[in-house]
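Q: I'd like to ask some things about the structure below.
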Amino acid sequence: MRKGIFWAVLGALFLTACGISGGMAGDMAAGEKEPVTLDWYINFTWYSTPWGGNVVSDAITEKTGVSVNFLSPIGNPEEKFNALLSSDSLPDIITLGWWENQADEMIERDMVYALNELADQYDPYFWEAADAAAVSWYTKEDGNLYCYPSSSFTPKDYEEHDNLGSNQTFLVRKDIYEALGCPDMSTREGFSDAVKRAARMFPQVDGYPLIPIGSHEFTNTGCVSFDQYLQNFLAVPCEKDGKFYDRYTDPEYIGWLKTFRELGQEGYLTNDIFIDQRTQMEEKLARGQYFCMIYQRTDMTGLQSELYTKNLDRIYMAVDGPKNTAGDDPVLPGGGINGWTVTFISKDCASPDRAIKLFSYLISEEGQKMVYLGVEGVTYDMVDGKPVVKKEVQELLSSDRGQYDALYGADDAYWMFQDNVTQLKWRQPSVPPNGQLEEWTFPYTHYMAQYDMRFDRNSKVGEADINIKELWSQTLPGLLLAPSEEEFDRILEEFVAKREELGFALVMEESTRQMRETKEKLSIQ
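Heads up, the sequence shown is in our numbering, so the first residue is 646 and it goes up one at a time.
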């Protein structure tokens, strides 16, 4: 394929973080000792951790002889990666979400290597290091394994461990919440009252207007804070009577949307949440402008640390948030068999032998310990047979994640092959300010991978799913900003009718089929 075209496209579309060549692994064969740099594309605009110059990446380069030049998109990731696909030339290694349609496209167009073939030819150790369940799940009908996941879990993992958490949390700013008397925000009435009192008591924070209710950004599929995550907090079921359930018209969910509509009508849903993108949201989080929000805790760990260094009481804490009228506990999803991301080796890779060996190292127990803890004697010490992160290293992690990554690069700064279950054996005691956010989720985290759906976007059902999600993305703001309950009902009724025309029944039928198939594969009753 055409590397010249790739670099031309690259310059216009992507940010690069150049790698630094390090030493060679002492146990490598003579022909494998030459340092090599691999271009590694990460399909997330926010990823900016460079390779080289920190403890972990330098140690991995010394061990494997491989340096990495990370690439990440500027602007819309889907559009930028599609441009790469159209150029018919890819970086050496590609990491993207497991749900992305481009994953299948690369396989169908024969643009990526079968990892099993590379392992058999260059590195049989891959099979010893790889997780058997992940390999089985991602092996295609042709018998080939084209990608390897990060953060993949099985139902058995949840049976054996009680400290696996969800990303989804209801967060409040600690000082404001406590000034209000730690109100119960699990009911619609209590939530509404707390939001109004917070806005009255704290109209501004450090000269900036308080945003009473925050959320993730609104996208072309909706807003997870006001749809999927809210449904999980309300324990809205994903299936009923053995069939995939329509959560978007569930009475409990609609009731809470109407509460948010009422708050919006009274001015408590600010324009910011409908138009802000991640950069703007992070700026406001860093200033502590939000009072409360349903939010992914892992998306704000660095910002939380910044707040913690400024004022211990002005951080965010996880508390009980919206619940259904029965007061049921939330049902929050942990990781599933699909994991989070999947990583490929492209057929444009000039050194696939080195790439597969890098994969093997990173997924091995040694590699997992490296990306999680770092280097013994530098980032941690062994005390009574257990690893203990050095005090100064832990303090920097808690106060300045960016500087921590620049100096040390541990704690899964390089998460592309993260094995959360393996890393539990080295888990460090929970520390402020982020430990409480994770631990709060433990009792409410469930295995829900059987409800992860993926449709071929080129199929009839895939097209219907895309169109329905786009329709929902246009409908949700209208519901939240409706001037009256009557208008809310009209908008919702119109949405339900339109999605039927778009093929909703077909999507539900295929969702039920996939759900049953996954439950059978994973032996879930």
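We put the CB at the ideal spot given by N, CA and C, even for glycine. Please read all numbers here as calculations on a predicted model, not as lab measurements.
Beta-carbon separation of Y692 and P736 under 8 Å?
A: No.
Q: To the nearest angstrom, report how far apart V1141 and G980 are at their CA atoms.
A: The straight-line gap from Cα to Cα measures roughly 31 Å.
Q: For F847, collect the residues of the same chain with a Cβ closer than 6 Å to its Cβ; drop the 5 residues on either side in sequence, then sort them by chain order.
A: The answer, listed in chain order, is I821, L855.
Q: Identify which residue in E1155, E1165, L1167 has its Cα closest to the Cα of F889.
A: It is E1155.
Q: Helix or strand or just coil, what does DSSP make of W1117?
A: Helix.
Q: Between F651 and F815, what straight-line distance do the alpha-carbon atoms span, to the nearest angstrom?
A: Confidence at F651 is low in this model, with a pLDDT of 47, below 50, so its placement is unreliable and no value can be given for it.
Q: Kindly list the residues whose CB is nearer than 8 Å to the CB of K1105, restricted to its own chain and excluding five residues on each side of it in sequence; keep chain order.
A: Excluding residues within five positions, the ones whose Cβ falls inside 8 Å are G1148, L1151.
Q: Report yes or no: do three or more beta-carbon pairs, one from the segment 1088-1102 and one from the segment 799-817, lie closer than 8 Å?
A: The segment 1088-1102 vs the segment 799-817: in contact.
Q: Does the separation of the CB atoms of P997 and L763 fall below 8 Å?
A: Their beta carbons are under 8 Å apart, which means P997 touches L763 by this criterion.
Q: Can you find at least 3 beta carbon pairs, one from the segment 743-757 and one from the segment 983-999, that sit closer than 8 Å?
A: At 8 Å Cβ cutoff, the stretches touch.
Q: Between D703 and C792, what straight-line distance do the alpha-carbon atoms span, to the nearest angstrom?
A: Roughly 25 Å between the two C-alpha positions.
Q: To the nearest angstrom, how far is it from the Cα of E1177 to the Cα of E1132?
A: Coverage of the chain is limited to positions 646 through 1170, which leaves residue 1177 absent and any answer about it impossible.
Q: Expressed to the nearest angstrom, what Euclidean distance is found between the alpha-carbon atoms of R1102 and L683?
A: Looking at the two C-alpha atoms, the distance is approximately 31 Å.
Q: Among T943, P1032, N688, N789, which has the Cα closest to the Cα of H861?
A: Among T943, P1032, N688, N789, the Cα nearest to that of H861 is on T943.
Q: If I'm right that Y898 touches L875 with Cβ under 8 Å, what's the distance once you round it to whole angstroms?
A: Indeed they touch by this definition, with Cβ atoms about 7 Å apart.
Q: My output table needs one value for R959: the three-state DSSP class, helix, strand or coil.
A: DSSP places R959 in coil when its eight states are reduced to three.
Q: Could you check how far apart the C-beta atoms of G947 and V850 are, in whole angstroms? I think they sit under 8 Å.
A: Wrong, their Cβ atoms sit about 19 Å apart, outside the cutoff.
Q: Name the residue from I939, I918, D776, D755 whose alpha carbon lies nearest to the alpha carbon of T1086.
A: Here the closest residue by C-alpha is I939.
Q: May I have a chain-ordered list of the alpha helix (DSSP H) segments no shorter than 4 residues that lie completely inside the segment 870-895?
A: The segment 870-895 contains these whole alpha helix (DSSP H) runs: 873-878.
Q: Distance check for F1004 and G887, CA to CA, integer angstroms please.
A: Taking the straight line joining both Cα atoms gives about 39 Å.
Q: Out of R1161, E1083, N877, M830, state which residue places its alpha-carbon closest to the alpha-carbon of T904.
A: Comparing Cα-Cα distances from T904 to each of R1161, E1083, N877, M830, the minimum goes to M830.
Q: Run the CB neighbour count on I920, radius 10 Å, all protein chains shown included, and call it buried at 16 or more, exposed below.
A: The residue in question, I920, is exposed, as its Cβ has fewer than 16 Cβ neighbours within 10 Å.
Q: Rounded C-beta distance between L1018 and A1055? I'm assuming under 8 Å.
A: That belief holds up - the Cβ atoms of L1018 and A1055 are roughly 6 Å apart, short of 8 Å.
Q: For the segment 697-712 against the segment 1055-1071, do three or more pairs of beta-carbon atoms, one drawn from each stretch, fall closer than 8 Å, so that the two count as touching?
A: Segments in contact, yes.
Q: Per DSSP, E1021 forms a beta bridge with which residues?
A: According to DSSP, which records beta bridges pairwise, E1021 is partnered with Y1025.
Q: Where are the alpha helix (DSSP H) runs, 4 residues long or more, that stay fully inside the segment 984-1017, in chain order?
A: Taking only runs of at least 4 residues, the alpha helix (DSSP H) segments lying wholly in the segment 984-1017 are 997-1008.
Q: Relative to the C-alpha of R1158, which candidate in D1097, L930, A748, E1146 has its C-alpha closest?
A: The shortest C-alpha separation from R1158 is found at D1097.
Q: Give the range of the beta strand (DSSP E) segment to which M1098 is assigned.
A: Careful: M1098 lies outside any beta strand (DSSP E) and carries neither H nor E.
Q: Which residue spans inside the segment 725-806 form an unbroken beta strand (DSSP E) run of at least 3?
A: Qualifying beta strand (DSSP E) stretches, in chain order: 738-742.
Q: Just the C-alpha distance for N761 and E786, rounded to the nearest angstrom, thanks.
A: Between N761 and E786, the C-alpha separation is close to 14 Å.
Q: From Y1049, N969, Y803, T866, pick the residue whose C-alpha is nearest to that of Q1119; which is it?
A: It is T866.
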